[in-house]
Amino acid sequence: MRESKEKEAVIPSFKFKELKVYNSTEYLWDNVKKYRQVFDRFETAYVYTELSLFNKRFDVEDWTLHVTLKCFNTDDSGRTEMCCLNIEKEVSRFDHLVLIREGWGNQKKGSIWKSGTYCWEAYVDGHRIGSKYFYVIEPERNLSEEGDPEPDERGNIADKYLKLNSVRLYEGPYDDLPAEDRVYLKAFSSQETRYVYLEVEFQNLQPERDWYLELFTKFHNQARDLKGQVSRLTHVRKGEETVRLAAGWGSAAPNLWQPDQYVADLVFLDSLLASVPFVVGDEAQEGTPQVYLPDSPRPVQLGPAEDGNETFEHIMSGLDDLIGLQEVKQQVRDHAIYIQFLQLRQKRGFEMDTGIDVHAVFSGNPGTGKTTVARMMGKLYKKMGLLTSGHTVIADRVDLVGEYIGQTAPKTREVIESARGGVLFIDEAYSLARSNDDGKDFGREVIEILVKEMSNGPGDMAVIVAGYTEEMNRFLDSNTGLKSRFKHYYEFRNFLPQELSLIADYAARRLGVKFTLEAKALVDETITQAFRSRDRTFGNARYVHDLVEKAKVQMALRIMRKDDTGESLSDEYLSTIEVGDVMGIHPLVERARPLIPVNEALLAATLEELDALVGMENVKAQLHELVSLVRYYRQTGQDVLNAFHLHTVLVGNPGTGKTTIARILATLYNALGVLERGHIVETDRQGLVAGYVGQTAEKTAKVIENALGGVLFIDEAYALTQNSTGQRGDFGDEAIQTLLKRMEDQRGQFFVCVAGYPDNMESFLKANPGLSSRFDKILRFEDYSPEQLIEISERMFRQRKAQVSPPARQHLRDYLTFLHKYRDAYFGNARTVRQLVDDVIRRHDLRQAAETGRPKRSAKPRIAKADVEHLLLDTRALSIQRKSIGF
Numbered sequence: 001m002r003e004s005k006e007k008e009a010v011i012p013s014f015k016f017k018e019l020k021v022y023n024s025t026e027y028l029w030d031n032v033k034k035y036r037q038v039f040d041r042f043e044t045a046y047v048y049t050e051l052s053l054f055n056k057r058f059d060v061e062d063w064t065l066h067v068t069l070k071c072f073n074t075d076d077s078g079r080t081e082m083c084c085l086n087i088e089k090e091v092s093r094f095d096h097l098v099l100i101r102e103g104w105g106n107q108k109k110g111s112i113w114k115s116g117t118y119c120w121e122a123y124v125d126g127h128r129i130g131s132k133y134f135y136v137i138e139p140e141r142n143l144s145e146e147g148d149p150e151p152d153e154r155g156n157i158a159d160k161y162l163k164l165n166s167v168r169l170y171e172g173p174y175d176d177l178p179a180e181d182r183v184y185l186k187a188f189s190s191q192e193t194r195y196v197y198l199e200v201e202f203q204n205l206q207p208e209r210d211w212y213l214e215l216f217t218k219f220h221n222q223a224r225d226l227k228g229q230v231s232r233l234t235h236v237r238k239g240e241e242t243v244r245l246a247a248g249w250g251s252a253a254p255n256l257w258q259p260d261q262y263v264a265d266l267v268f269l270d271s272l273l274a275s276v277p278f279v280v281g282d283e284a285q286e287g288t289p290q291v292y293l294p295d296s297p298r299p300v301q302l303g304p305a306e307d308g309n310e311t312f313e314h315i316m317s318g319l320d321d322l323i324g325l326q327e328v329k330q331q332v333r334d335h336a337i338y339i340q341f342l343q344l345r346q347k348r349g350f351e352m353d354t355g356i357d358v359h360a361v362f363s364g365n366p367g368t369g370k371t372t373v374a375r376m377m378g379k380l381y382k383k384m385g386l387l388t389s390g391h392t393v394i395a396d397r398v399d400l401v402g403e404y405i406g407q408t409a410p411k412t413r414e415v416i417e418s419a420r421g422g423v424l425f426i427d428e429a430y431s432l433a434r435s436n437d438d439g440k441d442f443g444r445e446v447i448e449i450l451v452k453e454m455s456n457g458p459g460d461m462a463v464i465v466a467g468y469t470e471e472m473n474r475f476l477d478s479n480t481g482l483k484s485r486f487k488h489y490y491e492f493r494n495f496l497p498q499e500l501s502l503i504a505d506y507a508a509r510r511l512g513v514k515f516t517l518e519a520k521a522l523v524d525e526t527i528t529q530a531f532r533s534r535d536r537t538f539g540n541a542r543y544v545h546d547l548v549e550k551a552k553v554q555m556a557l558r559i560m561r562k563d564d565t566g567e568s569l570s571d572e573y574l575s576t577i578e579v580g581d582v583m584g585i586h587p588l589v590e591r592a593r594p595l596i597p598v599n600e601a602l603l604a605a606t607l608e609e610l611d612a613l614v615g616m617e618n619v620k621a622q623l624h625e626l627v628s629l630v631r632y633y634r635q636t637g638q639d640v641l642n643a644f645h646l647h648t649v650l651v652g653n654p655g656t657g658k659t660t661i662a663r664i665l666a667t668l669y670n671a672l673g674v675l676e677r678g679h680i681v682e683t684d685r686q687g688l689v690a691g692y693v694g695q696t697a698e699k700t701a702k703v704i705e706n707a708l709g710g711v712l713f714i715d716e717a718y719a720l721t722q723n724s725t726g727q728r729g730d731f732g733d734e735a736i737q738t739l740l741k742r743m744e745d746q747r748g749q750f751f752v753c754v755a756g757y758p759d760n761m762e763s764f765l766k767a768n769p770g771l772s773s774r775f776d777k778i779l780r781f782e783d784y785s786p787e788q789l790i791e792i793s794e795r796m797f798r799q800r801k802a803q804v805s806p807p808a809r810q811h812l813r814d815y816l817t818f819l820h821k822y823r824d825a826y827f828g829n830a831r832t833v834r835q836l837v838d839d840v841i842r843r844h845d846l847r848q849a850a851e852t853g854r855p856k857r858s859a860k861p862r863i864a865k866a867d868v869e870h871l872l873l874d875t876r877a878l879s880i881q882r883k884s885i886g887f
């Protein structure tokens, strides 16, 4: 007892939540402050900190909190303590959140806080629990003899640091998009918009010094309710002429942005820089938004020069600047010159037999520049007068095909109209024609609409379809009129190793890094090896960009291990990738296995849980043998993971405990130290197989990644081979191939359990030669006997705290024996028992509700014979009763 009290005494009374900084005590709604991290020296008298703690004694007792708040100036010479504040606070048991606000400074602005880096730290009982950095900046300005800014220097202080040059909006995922892939919008689609980003560019008005820019972007709806807020803290370095930032808010899932009129406010140093209105409606619109500046009633457009100012040669030179793609470049240039020739003939009065063909087919592997060239062709067609806007709308099957009858046509026409005046780029277009015998697929309806549009539609649109070469040939053959509508075919070949090397240099410049000679040589070697072992999924430029970005991450890890602040390091050192960084991407040595000791307590508890299960004696015996075998291998120093794979097949009828045993297996492997994490990822065919070519392998790989370090449980695994008899259009075999490869390549990093009914699982294991050899163990689950079914029902009633009267118990015993005698292939075993128990308790509750007396709230359910009499021991009513069980 005494020991338990001592343990309770050391349990902390709080949990740290946050430490914030502010300098204005102005009251705001819900008692929040104007939190920020950057302050102007001559606008700051006091700097406050707000410490927030979760009260772990909430609703229990009052207690006393002793806090010390310290502020430090962290300059190049070290840390200088500015102040030390000791606070004692009585915490009420009614406060779930504890707030402590204190500050330091002087009434005279600019006298205490000089330009520099500062840090508030919070201590409880001598232990630091949190810290928060903030920055005081100071512009170059005229000062009086007392050190104050001259009167004519006062006003909007933000105007001393920067000037807004341009604002553009775009939609994207959480991790943002590369600048070259951004499509700028002035209106957004409510069905498709995830994150709304603002791309802003400022002119740096303080280029002669380093300073910090903290930009707040606040999104308001039409009622001026704050929908979301994001802040970006950027170190503006000496000599930078312009500052570019991208800030966005939203959700990874669409439908967060409801149709409405919104405003995004840009705020710096508590000063409004600009307000950017935008609309979320039925469809997205490309363009530059209007911007309202402070004290200006009329909106302005702040954006880079429009593409319409580009000359024909400027556009063509941009195409020529692309790395590689020599054949494509020459084709595009020849096509453009021929269009100029036809336009010249038109001006001279020559009669034109047909219009100018602008539709094209792009075929090639991923990352070969198809999307980039499509956008350039849009600009080119606009410059030549063939298109009115030249923008590019990118769509795929998901954007065009509806889920139900009648949805596809309006969905496709909406996409077509959004591309009117520009280029409609359909990626992976072959997915619109899955198979010749798939009558339920609506992709063919999209093809028919496209053919009609390209034949006699209003025009002012170029259709470019793209995808793998082989699949695109099948796609063009899927409709008799489709091939004749495309006159231009562009083959995007894989980049050569020397071209990929140049792309790596470009990617490094874009990421602000450079390679040492040794590092660049290793990058080139890595690229060459990837090129030699490439397949149709080789990412080309995407692969190289990813490689350089991973090298940058390794560089950052190396630097921060040596100096976690990086303040004393040169810019050259902070941007140079060394050979070790490239080697760190793919370690040359085999990954060491973690030495995880056996968790005896967890092992004993898991085996106890296993032994407590009803029936399954053969399964229990095999699992006990497995535990003994793993222990033996570990004690003798043998490699457990290479001795056997531990991949398992669970075979049995419904409700025989397959899923339960799979979860126990994961826990057993965890307790034995075989698996790093010991979790279980449960999935089925729907979680592994996608709708069209190329997506199934990626979808399966993601599920496997989630299962690494644990167990992947695939229920009804035979569904992956249900169409393996030759029918086209099914991709279950693709999932199996991906699974088999990862089971071999990542042996010991995860284990696979597949489960299903006996006959189906036998066909599943025979469907692929590699399946049966990958699984070491088959656990067979027999149907429960009548006695076991009765025991399971009694356990379930006890779990529901229900008492069963002797007559009702006898009737249930007779009925379960009857069910077992006349069971068929669909008999659910324990699952049927659970449904039966739920049904009996529901009927008991209905009977109680019909009685006049008011039952006691704490009374346990008492099952009478009347609650089970509907369970008839009659084979004629058996199928009907089975369907009614569970209501």
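Taking the UniProt record's numbering, the leading residue of the sequence shown gets 1, the next gets one more, and so forth. Glycine residues also receive a C-beta, built at the ideal position from the N, C-alpha and C atoms.
C-alpha of residue 481 to C-alpha of residue 255: approximately 37 angstroms in a straight line. In this structure, residue 418 and residue 447 do not form a Cβ contact; the two beta carbons are roughly 19 angstroms apart against a cut-off of 8 angstroms. With a minimum length of 4 residues, the unbroken runs of alpha helix (DSSP H) contained wholly in the segment 495-521 fall at 497-510. Within the UniProt domain "AAA+ ATPase" (356-496), the beta strand (DSSP E) runs of at least 3 residues that lie entirely inside it are, in chain order, 360-364, 392-395, 423-426, 462-467 and 488-492.
Contact check for residue 716 against residue 685 passes: the beta carbons are separated by less than 9 angstroms.
At the C-beta level, residue 526 and residue 585 come within 9 angstroms of one another. Under a 10 Å Cβ-count criterion, residue 398 is classified as exposed, with fewer than 16 other Cβ atoms of the shown protein chains found around its own Cβ. Judged by their CB atoms, residue 202 and residue 242 are nearer to each other than the 9 angstroms cut-off. Residue 367 and residue 540 have their C-alpha atoms spaced approximately 5 angstroms apart. Secondary structure note for residue 744: its alpha helix (DSSP H) is the uninterrupted segment 732-745. Around the Cβ of residue 455, a 10 Å sphere holds fewer than 16 other Cβ atoms; the residue is exposed. The alpha-carbon of residue 264 is positioned some 19 angstroms away from that of residue 162. Setting aside the 5 residues that flank it on each side, residue 100 is surrounded in the same chain by 51, 67, 87 and 89, each with a C-beta closer than 7 angstroms to its C-beta; the list follows chain order. Secondary structure at residue 87: strand, using DSSP grouped into helix, strand and coil. Excluding sequence positions up to five before and after residue 655, its CB lies within less than 7 angstroms of the CB of 828, 829, 830, 831 and 832, all in the same chain and listed in chain order.
Between the C-alpha atoms of residue 209 and residue 320 there is a straight-line separation of about 39 angstroms. With fewer than 16 other Cβ atoms from the protein chains shown falling within 10 Å of its own Cβ, residue 560 counts as exposed. If you compare the alpha carbons of 326, 356, 322 and 324 with that of residue 337, the shortest gap goes to 356.
Scanning 757, 663 and 672 for the CA closest to the CA of residue 599 turns up 672.
The three-state reading of DSSP puts residue 616 in coil, since its state is none of H, G, I, E or B. Looking at the DSSP output, residue 29 shares a beta bridge with no other residue.
If you draw a straight line from the Cα of residue 56 to the Cα of residue 15, it comes to about 7 angstroms. In this structure, DSSP gives residue 265 an extended state, which the three-state scheme calls strand. DSSP places residue 763 in the helix class (H, G or I) of the three-state scheme. In the three-state reduction of the DSSP assignment, residue 653 falls in the coil class. Cβ-Cβ distances below 8 angstroms link residue 257 to 188, 190, 193, 196, 250 and 280 in the same chain, with the five nearest sequence neighbours on each side left out; the list follows chain order. Residue burial annotation: residue 84 is exposed, with fewer than 16 other C-beta atoms found within 10 angstroms of its C-beta. Take the alpha-carbon of residue 596 and the one of residue 674: they are about 8 angstroms apart. Residue 65 carries a strand assignment under DSSP once its states are collapsed to helix, strand and coil. In this structure, the CA atom of residue 782 is about 20 angstroms from the CA atom of residue 835. Relative to residue 742, the option among 705, 795, 112 and 763 whose CA is nearest is 705. Around residue 678, the same chain offers 666, 667, 669, 670 and 710 as residues with beta carbons nearer than 7 angstroms, after the five sequence neighbours per side are excluded. Closest option to residue 415, judged by alpha-carbon separation, among 426, 524 and 509: 426. Taken in chain order, no unbroken stretch of alpha helix (DSSP H) lies wholly in the segment 179-225 with a span of 4 residues or more. By alpha-carbon distance to residue 159, the top candidate from 269, 701 and 708 is 269. Counting only residues of its own chain and dropping the five nearest sequence neighbours on each side, residue 793 has a CB closer than 8 angstroms to the CB of 812, 816, 833, 836 and 837.
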